[in-house]
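Structure record follows, encoded as structure tokens.
In the numbering used here, the protein residues as written are 75 to 707.
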């Protein structure tokens with residue numbers, strides 16, 4: 075029979091599909107298996123209306139056959155098959171989809187679940203094959219036909235003997251090149267791994283004859299220390315799992331099955347801390363199975379880490395990491411989404427309409443938050459364990475994008491409480507606030523122990539106010555973006571304008587400032603390169619001095635900003651506060667006018683002491699040590 079040209083300017087379009095549409099050559103096996111599954115589905119659907127068809131699912135499978143000598147791969151199914159006209163129509167016209175037409179004809183019927191909707195998946199085989207041969211016999215017809223093509227100049231269709239209804243596709247592999255080793259697709263391991271990766275949940279068995287080894291029987295007189303000998307044998311093996319765990323009812327799946335699935339699928343050695351199994355019906359119907367790990371993966375905070383859920387269409391893997399399904403702050407979640415409603419491009423590797431994906435992503439985001447809130451409320455210990463491992467992305471989520479997600483995330487955030495001696499939520503803090511308390515007080519530092527010793531916390535604790543401890547570098551930035559919680563503003567204990575003193579204490583500060591005006595001006599002039607002001611204070615109890623700040627940049631924020639790679643040289647507006655009830659204030663008053671040189675040393679030493687208590691480095695440690703020794707002498 076004469077060779078026919080493809081019906082759609084084939085050479086140029088076929089080259090485009092082979093070389094541009096698909097990202098990975100290995101995808102060809104996924105496409106051909108999906109087509110075979112569709113053929114079996116069509117046969118099953120036909121059996122529902124044709125009583126002459128006995129559809130025994132156990133006898134319907136997809137077979138893969140490898141022939142290393144002839145360098146061929148065969149994909150065989152016992153599906154509905156194709157007639158001569160259908161071979162002409164479906165394979166002779168590029169981008170003509172028989173599955174798509176079948177689905178359209180039966181779209182109102184229940185049970186129509188066809189994977190392939192574009193007539194190009196078949197041609198992906200030309201990425202690895204130099205020649206394709208398709209033998210098919212349609213149900214109800216006595217004669218079969220063979221379609222064959224080398225992909226460039228067209229195709230031929232001719233009658234052939236086909237014993238059973240169904241389709242057999244033979245791929246003649248291309249010759250190996252320096253860049254491509256096509257022989258890898260003749261290895262059992264490669265085929266098994268590709269089926270596991272892309273087609274593990276095709277609902278029909280995918281079978282392949284595989285080579286196995288077993289030990290030979292040991293002779294009776296054999297040395298007991300002799301190494302056993304092995305012999306090879308061939309055995310039919312099912313390569314796929316077939317039934318996705320996420321399509322089962324929750325009641326049908328045990329915790330052990332969930333945990334084993336998670337560890338095998340996502341390469342973790344620990345059980346997850348939370349399992350989220352959900353099903354949604356609506357504008358976009360989908361099923362999802364997600365897991366919250368016990369701890370972050372080793373590369374979670376590196377550029378190498380890829381967030382996202384696996385995306386399946388009818389059990390066929392479309393994307394390994396669909397980043398659009400998860401916001402960054404939930405990037406630690408592992409799992410998958412499976413939907414039959416996604417509009418995919420012709421390669422099935424990219425979504426055509428992100429509206430569907432956004433709908434799924436919004437639903438998933440709400441579900442994850444809901445599950446975390448339930449854990450926080452009903453299993454606090456488990457939530458605290460989770461939070462200790464994943465608090466940073468949650469806090470960055472509050473801060474990121476100018477606080478776009480702050481209201482969504484804020485009730486998941488927790489801080490250590492000076493009163494409760496444990497992590498608490500902002501709601502719990504506000505619910506306990508004293509009636510006269512105006513602000514949510516917080517203190518920032520590197521550790522809870524360091525913050526607990528800060529001089530600035532003394533008066534607040536004495537007045538019975540609770541303090542939240544910020545130990546993460548993102549904490550203050552997140553709170554600045556948040557602004558308020560339940561109409562309560564945040565106030566740092568190191569804010570120079572704390573204004574927590576009572577009327578008597580304020581009066582004492584004012585009297586000390588007025589009666590020692592020249593002393594404070596002298597101290598301010600002495601420390602002019604280091605501080606914006608020197609002030610009397612009654613907020614301190616046992617400590618002689620402390621450093622506070624005024625303006626938007628706190629001392630802790632200064633440390634964070636200056637630790638970044640670019641040379642920021644950010645400076646907070648520092649204020650040195652002197653405890654007017656401490657004996658050191660009396661020494662300063664006595665030195666002023668009588669020994670101003672020594673007073674300068676006192677000023678420098680007190681400033682550096684305050685800096686060290688704040689966890690800040692000092693500019694000249696040698697000078698500090700010399701001045702301290704001089705004053706002790």
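Quick reminder that beta carbons are idealized off the backbone N, C-alpha and C, glycines included. Small disclaimer: the values here were computed from a predicted structure and weren't measured.
Through-space distance from residue 258 to residue 196, alpha-carbon basis: So the two alpha carbons sit approximately 20 angstroms from each other.
Residues of its chain near residue 567, where Cβ-Cβ distance is below 8 angstroms and the 5 sequence neighbours each way are ignored: Around residue 567: 515, 516, 517, 528, 530, 531, 534, 541.
Bridge-paired residues (DSSP) for residue 349: Looking at the DSSP assignment, residue 349 forms a beta bridge with 365.
Between the CA atoms of residue 499 and residue 476 - distance to the nearest angstrom: Whole-angstrom Cα-Cα distance: 22 angstroms.
The alpha helix (DSSP H) enclosing residue 482, as first and last residue numbers: It spans 480–483 - the alpha helix (DSSP H) in which residue 482 sits, taken as one unbroken run.
Cβ separation of residue 489 and residue 563, assumed to be a contact under 8 angstroms, to the nearest whole Å: Going by Cβ atoms, the distance from residue 489 to residue 563 rounds to 16 angstroms, so no, they are not a contact pair.
From 603, 570, 648, residue whose alpha carbon lies closest to that of residue 611: With distances taken between Cα atoms, residue 611 lies closest to 570.
Secondary structure, beta strand (DSSP E): runs of 3+ residues fully inside the region 238–284: Counting only runs of 3+ residues, the beta strand (DSSP E) found wholly inside the region 238–284 occupies 240–247, in chain order.
Beta-carbon gap between residue 321 and residue 246 smaller than 9 angstroms: At a Cβ-Cβ threshold of 9 angstroms, residue 321 and residue 246 do not count as neighbours.
Reduced DSSP secondary structure (H/G/I, E/B, other) of residue 73: Absent from the model: residue 73. The displayed extent of the chain is 75 to 707, so no value can be given.
Option in 371, 557, 151, 141 with minimal Cα separation from residue 113: Comparing alpha carbon positions, the residue from 371, 557, 151, 141 closest to residue 113 is 151.
C-alpha gap between residue 266 and residue 550, whole angstroms: Answer to the nearest angstrom: the Cα atoms are 51 angstroms apart.
Residue closest to residue 626, alpha-carbon to alpha-carbon, out of 547, 565, 480: Minimum Cα distance to residue 626 is reached at 565.
CA-to-CA distance, residue 676 to residue 704, given in whole angstroms: Put simply, the backbone Cα of residue 704 is about 10 angstroms away from that of residue 676.
Pick from 395, 697, 639, 651 that is closest to residue 624, judged by C-alpha positions: Cα-wise, what sits closest to residue 624 is 651.
DSSP-derived helix/strand/coil call for residue 655: DSSP, reduced to helix, strand and coil, places residue 655 outside both helices and strands of the structure shown, so it counts as coil.
8 angstroms contact criterion, which residue 615 and residue 608 should meet: CB distance rounded: A Cβ-Cβ distance of about 19 angstroms is found for the pair residue 615 and residue 608, leaving them out of contact under the 8 angstroms criterion.
Runs of alpha helix (DSSP H) lying entirely within the region 498–524, each at least 4 residues, in chain order: Segments of the alpha helix (DSSP H) lying fully in the region 498–524: 500–506.
Between the CA atoms of residue 379 and residue 373 - distance to the nearest angstrom: Each residue's CA atom was taken as its position, placing residue 373 and residue 379 some 6 angstroms apart.
As assigned by DSSP and simplified to three states, the class of residue 336: Correct three-state label for residue 336: helix.
Beta-carbon proximity check, residue 446 vs residue 348, cutoff 9 angstroms: The answer is yes: Cβ separation under 9 angstroms.
Burial state of residue 142 (16 or more Cβ within 10 Å): Residue 142 sits exposed, since fewer than 16 C-beta atoms from the chains shown fall within 10 Å of its C-beta.
Assumed close pair residue 148, residue 139 - CB separation to whole angstroms, cut-off 8 angstroms: Yes, residue 148 and residue 139 are in contact; Cβ-Cβ is about 4 angstroms, under 8 angstroms.
Inter-residue Cα distance where the pair is residue 228 and residue 79: Residue 228 and residue 79: Cα-Cα distance of roughly 4 angstroms.
Terminal residues of the alpha helix (DSSP H) in which residue 472 lies: Residue 472 -> alpha helix (DSSP H) spans 454–477.
Extent of the continuous beta strand (DSSP E) to which residue 220 belongs: Taken as a continuous stretch (DSSP letters only), the beta strand (DSSP E) holding residue 220 covers 218–223.
Limits of the alpha helix (DSSP H) - the one that residue 574 falls within: Here residue 574 belongs to no alpha helix (DSSP H), and DSSP marks it neither H nor E.
For residue 677, the first and last residue of its enclosing alpha helix (DSSP H): From DSSP, the alpha helix (DSSP H) with residue 677 extends over 670–687.
Beta bridge counterpart(s) of residue 622 as assigned by DSSP: 649.
Own chain, CB closer than 8 angstroms to residue 581, minus 5 neighbours either side, in chain order: Setting aside the 5 residues that flank it on each side, residue 581 has no residue in the same chain whose C-beta is closer than 8 angstroms to its C-beta.
Beta carbon of residue 398 nearer than 9 angstroms to that of residue 428: In this structure, residue 428 lies closer than 9 angstroms to residue 398 by Cβ.
Coil, strand or helix - residue 196 by DSSP: DSSP, read as helix, strand or coil, puts residue 196 in helix.
Exposure of residue 664, with buried meaning 16 or more beta-carbon neighbours within 10 Å: Residue burial annotation: residue 664 is exposed, with fewer than 16 other C-beta atoms found within 10 angstroms of its C-beta.
Contact check, residue 685 vs residue 621, beta carbons under 9 angstroms: A contact, by the Cβ cut-off of 9 angstroms.
Sequence-distant residues of its chain with Cβ nearer than 7 angstroms to residue 268 (five each side left out): Only 100, 103 meet the Cβ criterion.
Rounded C-alpha distance that separates residue 574 from residue 526: If you draw a straight line from the Cα of residue 574 to the Cα of residue 526, it is about 18 angstroms long.
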